[in-house]
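Taking it in order: structure first as structure tokens, then the write-up.
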Amino acid sequence: MPRKIANRLVLLVVMTLLANMLMNGILVFANSGVIQPPIESSGTDQNIIGNNESNQRFSESFDGDEKNIVLPLIEQGNQNDDSQLLKEPVTVTTQVFDKSFQLSDEVASNSFSLMSIPLGAIPVNEGEIKILNDEDSEDKLSSYTFVFTPSTTGCYKITAASPEIPYIYIYDSEYNSLGWNRTYPKMNDSVAAKLIKDQQYIINLYSVSFNYATELSINKYESAADNITYTFVDNTYTADENASVIVTVPYIGADILYGVLGRNIFIEARLLKDGVLIDSINEIPSDCIKGARGTPDDNILQFACEFEKKVEHGEYTIEITCRDIAGNIVIDTCESAITIGNPVSVYMPSNSVVYTADSYTGQRVYFKDINSDRGKFLVFDGDKIIGTSNSVYIYSTRISYDDFFSTYSIIDGSYDSNKFEKTLYYSNIPSINLNEVSKKGNSYDVKLVTGVSEFDTTAKLIPTDALILNYASGGGLYDSVNNFKVYTQFYNIKNINMDDINVELIDLYGNVVARKTDYICYSAINNEHQAYFQFNLFIEKPLEAYKNYSLKISYPKEFYTNVKSSYITAYSGSDYLGIRTPEVLDIDKTIISVSTYNVNSWQEYDVVLNRINDDLEFPIAELSKVKPDGYGTFVLDFSKDAKSSLLIPGEEYSIVFSYKSSYDNYTQYERESFKVPAKDYTSVGDKSVIFNPPVIPETITKTEFTISGYEIENGIIGASNENINIELVADNEVYGAIKKDSINKSASVYNANPNYSMSQVTITGIMEVTKELKDNTQYYIRINGTDYEYFYNSQEKIIYGDFKIDHYCSDAEFKDGSNSIVHEISEREPLKLSCTFVKNTSDDLKLIMKNKVSGEEIEAGKWDTTKSHFNGEYKDISITVDMSGFDINEIYDLYIKDGEEEYYLNKHIKVVEPIKAYGFTVQEAVYGSSKITVSIPSCNIIDGYSFDIKDSMDNIIDAEIITDSIRHGSNNSIYVDIETDRALSYGVYSVRMFNDNNKLIYIQQYTVTVENSSPNVEYIQDGIPYLIFGKNLPDNGNYTADIMDVNNIRMLKRGISLVKREGENVLELTENKIGSLPIGTYNVSVNLNGRLIGTAYLNYSGPLQLKPLVIAKEWTEPKSKNTIITSNTVELLIKTMYYTKLRYAES
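Take any residue in the sequence shown, note its place counting from 1, add 2, and you have its number in the numbering used here.
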């Protein structure tokens, strides 16, 4: 077996005792066979120029191309920005060969004088048992003093055995304390110490029990353990440091502890690379050895292996051998693989120009000496600078390993505390912008510059196509819950199956305590191939409060992580129940969902459903011994208590939970009320119907026709064309109809009110006019028996279409009898007006503008005909007017003049002065082009302004405004082209705008990146069916959708088949496949052949169902205001409408 593999196998041998020792940091293992064991340590972080200090605990996770990655994570919200990361420890167990080594005598000190021995001290001999405060004792004391004189030098164990253990203290003849029994985390009845032959020692017992007898005994101690466990942690952080390793030996017997501290056991250390000796330490000096007491069998030793050579970071072998004074091996040679140095691998997607760091869980690099508190990182491809970061802060930190000693008492000795701690400077690796596209297979060096100084780092920026975990955090973890939420961000999602990502919570022994039950992908940014995932984990058994846990994230293929952080600690949760507003899932079966924000998942609850009437509550159903599900939600099914629904629309109810408090066993109650909305099917909002063309001339017999509006379904969507009658009528006489074989129909969802929706229908077809139209007659469109007002046929000059004002600055309100709207127009921009479907006018139309105050009339120009309709009977007209000569802040009314006749357009404008631009938006900047297009708000000007461009290396690129490129763009904006001195390459640019005083007033960053050609999803349009719009969607492939509940991290529907529209970037999601969902907002992830291509939000208003609307015809007539039906014969209108099936919930 190769040596490297053998070393890896050794890593799996872990003592259970070691896990108990570390209170705030411990070993964690991955199934891949590589230990991932962060150790936390105390330290102090501070800014170089500040004095703020705070104690922190630190750890580090494993990083590499493993399929299983264990991340010790801190709770979100509790992580300090200064938290530091230490190295991954390696643990190895070896054998104790010889327990017969002797502890050497030390220089004899004077014995106690007769006068100095406390009065009443009781002599005790080795092997003798002293019984204190037994039933026969006449005088019972709470404290005793004993004198012991050993006959030989050795390690002795002093025991005071009792159900109620006393405090034990040992002193030498000079009253130096030699130790005491451990009291935390558990009281121990023994203490061990090295005692010298013929020297007298005082043993004091305090708080001796009066209720139980205590037995005192003193005996020679010899460790019963046959093995020793070493934990190695690399202590080398910078490239200019000698190799250094901290070795911790927990749970050793007191005889070995005093043997090493007393120089009866010597420690040798050797460092090897591929079997070749690099450096050795023949004897670890005393100032590099530190020890601490616990119990006779549980003590800790720590020593620093400070080698005299610098080594390149990489994997090495360290060997430790312990010998006695004669050179005999006491503890077998321990051999372990260890990584020396602080290599930092930062992974980013290939074919990208941006690495985005996470401020909470990012990585850091260290420096021994530095001359500034600020700097920048540069990225090198060989000698070429290809990227840079923004300015970063540089901090200092003290690295130590004191957490190992949290339950031990350090023995004063000759150790040098500086050997076990060091002060370093560090900076977190920030987001980095490249000026060229990252290439897979490359590895870029990262350096820090401060002023004129440049510092090498141990970091590498590595592009990859493999999955990258860039962020991970856990929600609150409590021993009272059965679910746990994990939040993550991944890069390179374009090649993955989301189901393959597995997340588990493991304890400090590597046992799985929580497993993934569900997940959601709530934001996929396909241009950057990144996505945010939330995972819900089910906790299989109650956690232990104040114990540490780690997160294990697995993926079956190549997988990397940029996450470095600390452990998750489980806290003690309360019994307090906090519930949210109930939601009725099924009104017929009386199934109600109640989500919680605080709940004890392991507790049983009784539930009562009450109806509220005049503030009085009447119980109508109850459930007993219910528990929340794995999402912390109660799903309450009351159907067994009633044959019909217990819930009445429009009525109010309450749900009351009762449970026993574990604190005082009292019954606690938690109540929440809710109201079931009434079924108001007739309260429909907008009923307008739009027709195109807006008018039909007398001379036309056939035309394309479009109808769009609400409340016109009447069964149309579900009906065949043969059953659809759309007619042109007047005075109950039919003048034409849409050909049945030409009808096409579609629908989109209209939210009529929060409780239901209805559809907006669009119908197209060919309208055939079969009779000559009459003048001065109102025409209607009759759709399956229902008439909708269409147009009034008149020979007067009239505008049937739209009137539009382009590129106005803003709207304002003014008093003109009533409040009226005025459109503000810049004097620097032309007034552009347009009218459609103008009838019976000459070709010599003029625009008249009348001053609202002075009455001054201005002929502003002649209208142009832009389009003719129906052989010239109707036309579209437009006009452009120069506004530079009009009075500022004056309001003008607009008229059309045809000969001597004027037609008031009921539109008002006001001329205003333009304002100087305060900002801009980059609209377009592409690779290889020297032109950048920006936009500014309408009515803004940039007279005297200038622009320049700064690349990611802070190089300034001159730019010039192309004056004749100023034009109107979309969203009522002004577009301007800027010409740069050189073509743009890939990377992040800062486009800067300077005002006419050459003052920098605005900066916008813009990334020129590789155009994404991968399929992706953009948004979902409500309708029948729902339409999912995307880009680059191939016609061939299996498209499926998963629908997820964002709030509860729950997959509601999986693998819904989608229909791809041929030749379009559109996928159809039919309503009948999601009809069982409650009303709400959902996240839809779209997969192509099982691979994620994007996500989008779905605002689901509920399934549309046909509902009858029955109403008396009298009530529909405008002249009839009486709600009383007066005639004996009632004519009823019965219409079928698409309404949403109610999913009752408090709104």
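Cβ atoms here follow ideal geometry from the backbone N, Cα and C, with glycine treated the same way. Keep in mind it's a predicted model, so treat the numbers as computed, not measured.
Does the distance from the CB of residue i to the CB of residue j come in under 9 angstroms?
i       : j       : result
Thr1042 : Tyr524  : no
Val346  : Ser429  : no
Val609  : Ser626  : yes
Lys933  : Ile860  : no
Ser603  : Val483  : yes
Ile396  : Tyr427  : yes
Tyr661  : Leu611  : no
Lys869  : Thr838  : yes
Ile522  : Gln536  : yes
Val1010 : Val990  : yes
Asp418  : Asp289  : yes
Ile836  : Lys806  : For clarity, residue 836 is Ser in the given sequence; the question names Ile instead. Taking 9 angstroms as the Cβ cut-off, Ser836 and Lys806 qualify as a contacting pair.
Glu672  : Arg613  : no
Ile951  : Thr982  : yes
Asp590  : Ser552  : no
Ile1095 : Glu1070 : no
Taking the alpha-carbon positions, what's the residue i to residue j distance?
i       : j       : result
Tyr239  : Phe561  : 25 angstroms
Tyr607  : Leu1054 : 26 angstroms
Asn778  : Ile801  : 15 angstroms
Lys6    : Asn206  : Residue placement at Lys6 cannot be trusted, given a pLDDT of 32 that sits under 50; what the coordinates show is reported in the next sentence. Cα to Cα, Lys6 sits roughly 53 angstroms from Asn206.
Lys312  : Lys370  : 14 angstroms
Asp509  : Ile387  : 44 angstroms
Glu1133 : Asp789  : 16 angstroms
Asn472  : Tyr548  : 27 angstroms
Arg582  : Thr1083 : 17 angstroms
Gly1032 : Leu1100 : 14 angstroms
Ile570  : Gly512  : 14 angstroms
Thr1131 : Ser722  : 33 angstroms
Thr161  : Gly129  : 11 angstroms
Val394  : Ala461  : 16 angstroms
Val628  : Ile1081 : 26 angstroms
Gly79   : Gly477  : With a pLDDT of only 31 at Gly79, under the threshold of 50, the placement of this residue in the model should not be trusted, and no figure is reported.
Glu55   : Thr399  : Residue placement at Glu55 cannot be trusted, given a pLDDT of 29 that sits under 50; what the coordinates show is reported in the next sentence. Their Cα atoms are separated by approximately 9 angstroms.
Ser282  : Leu273  : 6 angstroms
Val98   : Asn494  : 50 angstroms
Just to confirm my understanding: we take residue i, look at its own chain, exclude 5 residues before and 5 after, and list those with CB closer than 7 angstroms. What are they?
i      : result
Glu774 : Glu700
Lys196 : Leu105, Cys157, Tyr260 and Gly264
Ser352 : Ser440, Lys441, Lys442, Pro465, Thr466 and Asp467
Arg984 : Ser932 and Ile959
So residue i and residue j are supposed to be a Cβ contact under 8 angstroms. How far apart are they, rounded?
i      : j      : result
Gly863 : Val840 : Contact flag wrong, Cβ pair sits at about 16 angstroms.
Cys1   : Tyr223 : The question about residue 1 has no answer here: the residues shown for the chain are numbered 3 through 1149.
Gly896 : Leu849 : A quick correction: the sequence has Leu, not Gly, at residue 896. Between Leu849 and Leu896 the Cβ distance is about 7 angstroms, and since that is below 8 angstroms, they are a contact.
Gly632 : Thr490 : Their Cβ separation, rounded to whole angstroms, is 19 angstroms, which puts Gly632 and Thr490 out of contact at 8 angstroms.
Ile322 : Thr335 : 7 angstroms
Who are the Cβ neighbours of residue i in its own chain at under 6 angstroms, not counting the five residues just before and after it?
i       : result
Phe872  : Pro699 and Ile702
Ile464  : Ser347, Tyr349 and Ser445
Ser948  : Phe996
Lys912  : Val824, Glu826 and Ile893
Gly803  : Pro696, Thr838 and Phe839
Asn1040 : Asn1091
Lys899  : Lys848 and Ile850
Comparing the C-beta of residue i with each C-beta of chain B, is any distance below 9 angstroms?
i      : result
Ile622 : The chain labelled as chain B is not found in the depicted structure, where only one protein chain is given.
Within a Cβ cutoff of 8 angstroms, which residues of the same chain sit near residue i, ignoring the five residues on either side of it in sequence?
i      : result
Lys776 : Ala732 and Asn795
Glu674 : Ile581, Arg582, Thr583, Pro584, Val596, Ser656 and Ile657
Lys487 : Gly476, Gly477, Gln536, Phe537, Asn538, Leu539 and Ile1051
Thr965 : none
- Query: Hey, is the segment 999–1007 in contact with the segment 955–972, meaning 3+ C-beta pairs nearer than 8 angstroms?
  - Reply: no
- Flag this pair as touching only if the segment 242–260 and the segment 292–299 have three or more C-beta atom pairs under 8 angstroms; answer yes or no. yes
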